[in-house]
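See structure below.
Number of protein chains: 2
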Amino acid sequence: MTGDPVPVTLSDKLKLIADHWHPRIVARLDDYHVKLVKVKGEFVWHTHADQDEMFLVLEGEIVIRMQDRDVGLSRGDLFVVPKGTEHCPFAKEEASLLVLGRADTDQTGGVASELRAEGQEWI
Amino acid sequence: MTGDPVPVTLSDKLKLIADHWHPRIVARLDDYHVKLVKVKGEFVWHTHADQDEMFLVLEGEIVIRMQDRDVGLSRGDLFVVPKGTEHCPFAKEEASLLVLGRADTDQTGGVASELRAEGQEWI
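Structure representation (structure tokens):
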């Protein structure tokens, strides 16, 4: 991305996403990426050792499963998974999320999975 | 804030805010704060020299005035004001925003203003 940043209409960007668990970057904030992702089903259990990760539900409902509790989130709910916390996002039906974390975050915290998206793609 | 982070329902938190230009912290992400703020009218021109600032419109419409252009944002629009960019948020009618920036961000970039909120308040 070069040049002046432009406003991002989240609903327009979401229309461009057809697959699940494949985050697209829509903005950069210092060393962080703002990403949009559609999810359905269960992701993979993983941990980001040294970085927090923020989820904001834009459409639908998800559950952030953690070892000691589950957190249910509906549209307009925001939650930060603390660094070092093993977690597994789950969505019974398709949901759309804004995810914010460090630009160098590994999606699965290094865990091998067929759900893991390779590379970093702007949308 | 101590203990496990809890989910934040943004619409519930917004109901607790009655004043303008007084951001409240709802979550922490690494060294960043996620804040909610209601705005109306014109803020003060200011610059954050070394940090970006993200705005997401939750209700209403705002304009981010910059020296070389204005960016209009409606509900569901997101924009990052780049570090070092003088800007002045403006809202003709009341609007509600999610703002994300470094926890040590000075709201007015050091500019004196009666609109400047002192301290950092969680909600």
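Line by line, the protein sequences are chains A and B. Residues 1 to 123, numbered by this note's numbering, are exactly what the first sequence covers, in order. Residues 1 to 123, numbered by this note's numbering, are exactly what the second sequence covers, in order. For each residue, glycine too, the CB sits at the ideal point set by N, CA and C.
Handout entry: Contained alpha helix (DSSP H) runs [length at least 4] in the stretch 14-86 of chain A, N- to C-terminal order
Key = With a minimum length of 4 residues, no continuous alpha helix (DSSP H) run stays inside the stretch 14-86 of chain A.
Exercise for the section: Would you mind working out which of B/V63, B/I25, B/L10 and B/F79 sits nearest B/L56, comparing C-alpha positions? Expected result: Walking along the second sequence from the start, residue 56 of chain B turns up at place 56. Here the closest residue by C-alpha is B/F79.
Practice task
Going by CA-CA distance only, name the one from B/R102, B/R65, B/R75 and B/R116 that's closest to B/T85.
Solution key: As a working mapping, residue 85 of chain B is identified with position 85 in the second sequence. Its Cα nearest to that of B/T85, the residue B/R65 stands out among B/R102, B/R65, B/R75 and B/R116.
Exercise for the section: Answer yes or no: do B/L36 and B/S74 have a C-beta to C-beta separation smaller than 8 Å? Expected result: One-based indexing of the second sequence puts residue 36 of chain B at position 36. One-based indexing of the second sequence puts residue 74 of chain B at position 74. B/S74 sits away from B/L36, with the two beta carbons spaced by 8 Å or more.
Exercise for the section: Measure from the C-beta of B/G76 to each C-beta in chain A and report whether the shortest distance is under 8 Å. Expected result: Translated into the one-based positions of the second sequence, residue 76 of chain B becomes position 76. Cβ-Cβ to chain A under 8 Å: yes for B/G76.
Exercise for the section: Count the other CB atoms, across all protein chains shown, that sit within 10 Å of the CB of B/E118; report buried if there are 16 or more and exposed otherwise. Expected result: Start at 1 with the first residue of the second sequence, and residue 118 of chain B comes out as number 118. Exposed.
Handout entry: Integer-rounded CB distance, given that B/V44 should sit under 8 Å from B/L115
Key = Here residue 115 of chain B is taken as the residue at index 115 of the second sequence, counted from 1. Here residue 44 of chain B is taken as the residue at index 44 of the second sequence, counted from 1. Yes, they are in contact, since the Cβ atoms of B/L115 and B/V44 sit about 6 Å apart, within 8 Å.
Handout entry: Cβ-Cβ distance between B/G109 and B/H46 below 8 Å
Key = Indexing the second sequence from 1 puts residue 109 of chain B at position 109. Indexing the second sequence from 1 puts residue 46 of chain B at position 46. Contact check for B/G109 against B/H46 passes: the beta carbons are separated by less than 8 Å.
Exercise for the section: Mark A/Q67 as exposed unless 16 or more other C-beta atoms lie within 10 angstroms of its C-beta, in which case mark it buried. Expected result: Mapped onto the first sequence, residue 67 of chain A falls at position 67. Classification for A/Q67: exposed.
Handout entry: A/D4 versus B/L14: straight-line alpha-carbon distance, rounded
Key = Looking up residue 4 of chain A in the first sequence gives position 4. Looking up residue 14 of chain B in the second sequence gives position 14. Answer to the nearest angstrom: the Cα atoms are 31 Å apart.
Handout entry: Same chain only: Cβ atoms within 8 Å of B/E61, ignoring 5 sequence neighbours per side
Key = On the second sequence, position 61 is the one that residue 61 of chain B refers to. Same-chain partners within the cutoff: G72, L73, S74, R75, A91, K92, E93 and A95.
Practice task
Going by CA-CA distance only, name the one from B/R24, B/T105 and B/V111 that's closest to B/V39.
Solution key: Position 39 of the second sequence, counting from 1, holds the residue named residue 39 of chain B. Sorting B/R24, B/T105 and B/V111 by C-alpha distance to the C-alpha of B/V39 places B/R24 at the top.
Handout entry: Beta carbon proximity, B/A103 to chain A, threshold 8 Å
Key = Residue mapping note: residue 103 of chain B aligns to position 103 of the second sequence, counting from 1. Using beta-carbon distances, B/A103 does not count as an interface residue toward chain A, since no partner is under 8 Å.
Problem - Beta-carbon proximity of A/I123 to A/V26, cut-off 8 Å - result: In the first sequence, counting from the first residue as 1, residue 123 of chain A sits at position 123. In the first sequence, counting from the first residue as 1, residue 26 of chain A sits at position 26. Against a cut-off of 8 Å, the Cβ pair of A/V26 and A/I123 comes out as a contact.
Practice task
Starting from the C-beta of A/L16, find all residues in its chain whose C-beta is less than 6 Å away, skip the five residues before and the five after it, and write them out in chain order.
Solution key: On the first sequence, residue 16 of chain A is found 16 positions in, with the first residue counted as 1. Apart from the 5 residues on each side of it in sequence, A/L16 sits with its Cβ closer than 6 Å to the Cβ of I123 in its chain, given in chain order.
Handout entry: Counterpart residues of A/L98 in DSSP-defined beta bridges
Key = The residue given as residue 98 of chain A occupies position 98 in the first sequence. In DSSP, A/L98 forms a bridge with A/L36 and A/L56.
Exercise for the section: Using a Cβ-Cβ cut-off of less than 7 Å, give me the residues of the stretch 87-114 of chain B that come near chain A, in sequence order. Expected result: For the stretch 87-114 of chain B, the set of positions with a beta-carbon nearer than 7 Å to some beta-carbon of chain A reads L100 in chain order.
Practice task
Could you check how far apart the C-beta atoms of A/D52 and A/V63 are, in whole angstroms? I think they sit under 8 Å.
Solution key: Locating residue 52 of chain A in the first sequence gives position 52, where the first residue counts as 1. Locating residue 63 of chain A in the first sequence gives position 63, where the first residue counts as 1. With a Cβ gap of about 19 Å, A/D52 and A/V63 do not count as contacting.
Exercise for the section: Name, going along the chain, the residues of the stretch 9-23 of chain B whose beta-carbon falls closer than 7 Å to a beta-carbon of chain A. Expected result: Listed by position, the residues of the stretch 9-23 of chain B near chain A (Cβ gap below 7 Å) are T9, L10 and S11.
Problem - Assumed close pair B/A103, B/H48 - CB separation to whole angstroms, cut-off 8 Å - result: Within the second sequence, numbered from 1, the residue matching residue 103 of chain B stands at position 103. Within the second sequence, numbered from 1, the residue matching residue 48 of chain B stands at position 48. Wrong, their Cβ atoms sit about 13 Å apart, outside the cutoff.
Problem - Under 9 Å by beta carbon: chain A residues contacting B/F79 - result: By one-based count along the second sequence, residue 79 of chain B stands at place 79. What B/F79 touches in chain A: P5, V6, P7, V8 and A27.
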